[in-house]
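Trainee: Chains as they are written, first to last, in the numbering used here: chain A, 72 to 329; chain B, 10 to 295.
In this text, a Cβ means the ideal position worked out from N, Cα and C, and glycines have one as well.
(1) Could you tell me how far apart the beta carbons of residue 388(A) and residue 201(A) are, in whole angstroms, since I believe they sit closer than 8 Å?
(2) Please name the residue, chosen from 52(B), 166(B), 184(B), 111(B), that lies closest to residue 231(B) on a Cα-to-Cα basis.
(3) Please say whether residue 210(B) and residue 244(B) have beta carbons closer to each other than 9 Å?
(4) Enumerate in chain order the residues of its own chain whose CB-to-CB distance from residue 135(A) is below 6 Å, with the five nearest sequence positions on each side excluded.
(5) Quick check for students: name the residue ranges of the beta strand (DSSP E) that lie wholly in the stretch 221-296 of chain A, counting only runs of 3 or more.
(6) Check whether the Cβ of residue 153(B) lies closer than 9 Å to any Cβ atom in chain A.
(7) Can a CB atom of chain A be found closer than 9 Å to the CB of residue 232(B)?
(8) With the cut-off set at 9 Å, would you say residue 103(B) and residue 64(B) are in Cβ contact?
(9) Return the bridge partner residues of residue 268(B) from the DSSP annotation.
(10) Determine the direct distance from the alpha carbon of residue 259(A) to that of residue 117(A), and round the result to whole angstroms.
(11) For the beta strand (DSSP E) containing residue 93(A), name the first residue and the last one.
(12) Taking C-alpha atoms, which residue in 85(B), 262(B), 93(B) lies nearest to residue 71(B)?
(13) Determine the burial state of residue 265(A): buried for a count of at least 16 other Cβ atoms within 10 Å of its Cβ, exposed for fewer.
(14) Quick check: what's the CA-CA separation for residue 225(A) versus residue 90(A)?
(15) Taking all protein chains shown into account, decide if residue 73(A) is buried (16 or more other Cβ within 10 angstroms of its Cβ) or exposed.
(16) Candidates 128(B), 149(B), 35(B): which alpha carbon is nearest residue 138(B)'s?
(17) Could you tell me which chain B residues have their CB closer than 9 Å to the CB of residue 152(A), listed as they occur along the chain?
(18) Given that residue 165(B) touches chain A, what residues does it touch there, using C-beta distances under 8 Å?
(19) Quick check on DSSP: helix, strand or coil for residue 174(B)?
(20) Is there a Cβ of chain B sitting closer than 9 Å to that of residue 189(A), yes or no?
(21) CA-CA distance, residue 76(A) and residue 243(A)?
(22) Give the residues of chain B in contact with residue 170(A), contact being defined as C-beta atoms less than 9 Å apart.
(23) Do residue 178(A) and residue 216(A) count as a contact pair if the criterion is CB distance below 9 Å?
(24) Take the Cβ of residue 65(A) as the centre, count every other Cβ of all protein chains shown within 10 Å, and call the residue buried at 16 or more, exposed below.
(25) Starting from residue 131(A), trace the beta strand (DSSP E) in both directions and tell me its first and last residue.
(26) If I'm right that residue 250(A) touches residue 282(A) with Cβ under 8 Å, what's the distance once you round it to whole angstroms?
(27) Does the beta-carbon distance from residue 293(A) to residue 107(A) come in below 9 Å?
(28) Quick check on the DSSP output: what are the complete alpha helix (DSSP H) runs of length 4 or more inside the stretch 131-214 of chain A, in order along the chain?
(29) Distance cutoff 9 Å, beta carbons only. Does residue 217(A) sit that close to anything in chain B?
(30) Any idea what DSSP makes of residue 294(B), helix, strand or coil?
(31) Helix, strand or coil, according to DSSP, for residue 166(B) in the structure here?
(32) Given a threshold of 16 other Cβ atoms within 10 Å of its Cβ, counted over all protein chains shown, does residue 88(A) qualify as buried or as exposed?
(33) Closer than 7 Å, Cβ to Cβ, to anything on chain B: give me those residues from the stretch 191-221 of chain A, in chain order.
(34) Less than 8 Å between the CB atoms is what I'm expecting for residue 197(B) and residue 241(B), so what's the real figure, rounded?
(35) Just the chain B side, please: which residues come within less than 9 Å of residue 155(A) by C-beta, in chain order?
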């Protein structure tokens with residue numbers, strides 16, 4: 072029996088005028104799989120992520136997603152209401168900066184509850200119970216539920232953003248440098264938490280990062296990008312321990328050993 | 010004849026506003042953009058309402074203007090005078106006799122009839138404004154009926170105050186589609202919006218007109234476990250004894266003395282003329 076991929080990306084290409092954002096990117100993502108995309112700044116990894124998540128229209132290519140009701144559908148040709156519905160039910164997007172993904176003027180509970188209300192929850196008690204449950208799962212104390220995110224530390228904001236995204240039980244999570252801007256000990260706890268949640272919920276995820284430690288911990292498979300092209304891909308450990316492409320070798324050897 | 014064109018605005022402008030009004034009535038609750046004109050009064054004093062009224066008025070109309078329910082406050086008096094001067098139409102304080110009623114922040118207590126037009130002055134027409142600052146995004150949200158955010162506001166209310174503390178400009182869903190800001194009327198007035206008269210909303214500074222046609226379904230948003238409650242001060246009117254009207258609280262001395270009076274002055278005066286008396290009525294006080 073063959074497993075149906077959850078997401079299938081075919082020949083994505085995006086240019087900014089004459090410059091290439093990313094080109095010739097194709098891969099399949101299977102249910103429960105975590106894919107890492109690494110590369111230096113300007114290598115096109117964020118462009119690629121935004122193209123896949125529907126934030127940027129690519130110039131050509133297909134992004135097929137295994138929807139619950141219609142099977143594999145190209146999300147780029149989907150109608151906008153359908154795509155927006157998808158992005159608040161089956162998809163989630165974790166931004167690098169928590170304040171891009173949170174409503175800073177709304178309490179933590181309201182932030183988590185927003186996605187529930189967006190899909191039709193209209194019972195205050197239930198929304199609140201679920202919000203508190205999720206805050207607990209991302210290790211935010213229940214008594215902070217009515218505080219605004221601006222009163223939270225950077226690490227807590229990032230965890231709140233994750234809770235807000237996962238509350239509707241998405242099947243696919245896009246993450247753009249989820250640990251960027253956090254200090255190492257907070258990073259470690261966040262990674263631990265993410266790893267737990269991904270395994271527990273059987274999530275598929277695409278993680279864009281320049282931090283090789285992050286992909287080593289989280290990703291099953293790895294894609295290395297340079298100047299808009301995928302230069303190498305394979306199992307994470309394989310790519311990191313036995314890099315074939317010159318750029319990957321450079322990248323792996325650039326990591327400081329403490 | 011005065012030196013103004015009838016009802017101040019030129020005919021082309023009135024035509025443009027009428028087209029916006031018709032579109033608004035055809036799509037209940039939808040905010041129609043219009044080219045709002047500079048009016049001889051500051052923004053926030055009802056420039057939108059005045060333009061809508063001007064486009065609706067005909068020489069045989071009778072106009073009533075209320076401000077927070079009262080016929081005798083500055084805003085109401087000056088707008089009434091404005092149309093007396095520029096349109097030379099009849100004016101009245103009686104809700105029953107008026108054909109066009111311009112209002113700020115209230116719906117008259119007396120039920121309106123078919124053939125009457127209620128014009129609201131609206132400061133901020135976009136109910137999602139303080140939740141989502143981008144106009145492109147709010148328009149999209151209206152088009153796609155993505156109103157989860159509106160409930161986030163109500164959620165925040167309950168989380169902070171234990172109940173839905175929004176007491177005016179309480180968001181409503183019109184005819185099962187558009188969520189609309191009913192202008193800052195008290196939520197006590199929300200149930201009255203399913204009425205026989207035409208309701209027009211004009212926002213001058215924000216350049217939007219919207220409308221609720223007669224007998225349109227208007228539902229106030231709420232949660233299943235926190236249902237909508239059209240509350241008012243729990244007192245009878247101190248002048249006319251009415252227990253079913255929206256009341257203003259008035260401080261009357263330095264010792265914490267206060268009285269509650271109907272905010273609808275016409276309704277209250279009429280009840281007093283019929284012999285109803287309240288706690289502080291002149292006769293009762295003796």
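Mentor: Put simply:
(1) It is not possible to answer for residue 388(A), since the shown part of chain A is limited to 72 through 329.
(2) The residue given as residue 231(B) occupies position 222 in the second chain. Closest option to residue 231(B), Cα to Cα, is 166(B).
(3) In the second chain, counting from the first residue as 1, residue 244(B) sits at position 235. In the second chain, counting from the first residue as 1, residue 210(B) sits at position 201. Going by C-beta atoms, residue 244(B) is not nearer than 9 Å to residue 210(B).
(4) Walking along the first chain from the start, residue 135(A) turns up at place 64. Within the same chain, residue 135(A) has close Cβ partners 79, 143, 145.
(5) 243-247, 275-280
(6) Taking the second chain and counting its residues from 1, one reaches residue 153(B) at position 144. Residue 153(B) counts as touching chain A.
(7) By one-based count along the second chain, residue 232(B) stands at place 223. For residue 232(B), the answer is yes, since a Cβ of chain A falls inside 9 Å of its Cβ.
(8) The residue given as residue 103(B) occupies position 94 in the second chain. The residue given as residue 64(B) occupies position 55 in the second chain. Result no, Cβ atoms of residue 103(B) and residue 64(B) do not sit closer than 9 Å.
(9) Within the second chain, numbered from 1, the residue matching residue 268(B) stands at position 259. Answer is 259(B).
(10) Counting from one through the first chain, the residue named residue 117(A) turns up at place 46. Counting from one through the first chain, the residue named residue 259(A) turns up at place 188. Cα to Cα, the separation comes out at about 23 Å.
(11) Your numbering for residue 93(A) matches position 22 in the first chain. That run of the beta strand (DSSP E) goes 90-100.
(12) Your numbering for residue 71(B) matches position 62 in the second chain. For residue 71(B), the nearest C-alpha among the options comes from 93(B).
(13) On the first chain, position 194 is the one that residue 265(A) refers to. So residue 265(A) counts as buried.
(14) Translated into the one-based positions of the first chain, residue 225(A) becomes position 154. Translated into the one-based positions of the first chain, residue 90(A) becomes position 19. One C-alpha to the other measures close to 34 Å.
(15) Here residue 73(A) refers to the residue found at position 2 of the first chain. Answer is exposed; the Cβ neighbour count stays below 16.
(16) Indexing the second chain from 1 puts residue 138(B) at position 129. That would be 149(B), whose Cα lies nearest to the Cα of residue 138(B).
(17) The residue labelled residue 152(A) in the question sits at position 81 within the first chain. The answer, in chain order, is 152, 153, 154, 155.
(18) Start at 1 with the first residue of the second chain, and residue 165(B) comes out as number 156. Those are 177, 178, 181, listed as they occur along chain A.
(19) Stepping through the second chain from its first residue, residue 174(B) is reached at position 165. Note: residue 174(B) maps to coil in three-state DSSP.
(20) Taking the first chain and counting its residues from 1, one reaches residue 189(A) at position 118. With 9 Å as the cut-off, residue 189(A) counts as an interface residue toward chain B.
(21) Counted from its first residue, the first chain places residue 76(A) at position 5. Counted from its first residue, the first chain places residue 243(A) at position 172. C-alpha separation (whole angstroms): 12 Å.
(22) Taking the first residue of the first chain as 1, we reach residue 170(A) at position 99. Under the 9 Å cutoff, chain B gives no residues; its nearest Cβ is about 14 Å from residue 170(A).
(23) Numbered from its first residue, the first chain carries residue 216(A) at position 145. Numbered from its first residue, the first chain carries residue 178(A) at position 107. Contact: yes.
(24) What is shown of chain A runs 72 to 329, which leaves residue 65(A) out entirely.
(25) Taking the first residue of the first chain as 1, we reach residue 131(A) at position 60. That run of the beta strand (DSSP E) goes 131-138.
(26) Here residue 250(A) is taken as the residue at index 179 of the first chain, counted from 1. Here residue 282(A) is taken as the residue at index 211 of the first chain, counted from 1. Confirmed, Cβ separation roughly 6 Å.
(27) For the purposes of this step, residue 293(A) is identified with residue 222 of the first chain, where counting begins at 1. For the purposes of this step, residue 107(A) is identified with residue 36 of the first chain, where counting begins at 1. In this structure, residue 107(A) lies closer than 9 Å to residue 293(A) by Cβ.
(28) 151-160, 169-172, 179-189, 195-208
(29) Numbered from 1 along the first chain, position 146 holds the residue referred to as residue 217(A). So, interface residue.
(30) Numbered from 1 along the second chain, position 285 holds the residue referred to as residue 294(B). Because residue 294(B) carries a pLDDT of 49, less than 50, the predicted location of this residue cannot be relied on, and the following value inherits that uncertainty. The answer is helix: DSSP assigns residue 294(B) an H, G or I state.
(31) Here residue 166(B) is taken as the residue at index 157 of the second chain, counted from 1. In this structure, residue 166(B) counts as helix in the three-state DSSP scheme.
(32) Position 17 of the first chain holds residue 88(A). Looking at its Cβ environment, which holds fewer than 16 other Cβ atoms inside 10 Å, residue 88(A) is exposed.
(33) 193, 194, 195, 196, 198, 217
(34) Sequence index remark: in the second chain, residue 197(B) carries index 188 (1-based). Sequence index remark: in the second chain, residue 241(B) carries index 232 (1-based). The Cβ separation is near 5 Å, so the contact holds.
(35) By one-based count along the first chain, residue 155(A) stands at place 84. Ordered by position in chain B, the residues that pass the 9 Å Cβ test against residue 155(A) are 149, 153, 155.
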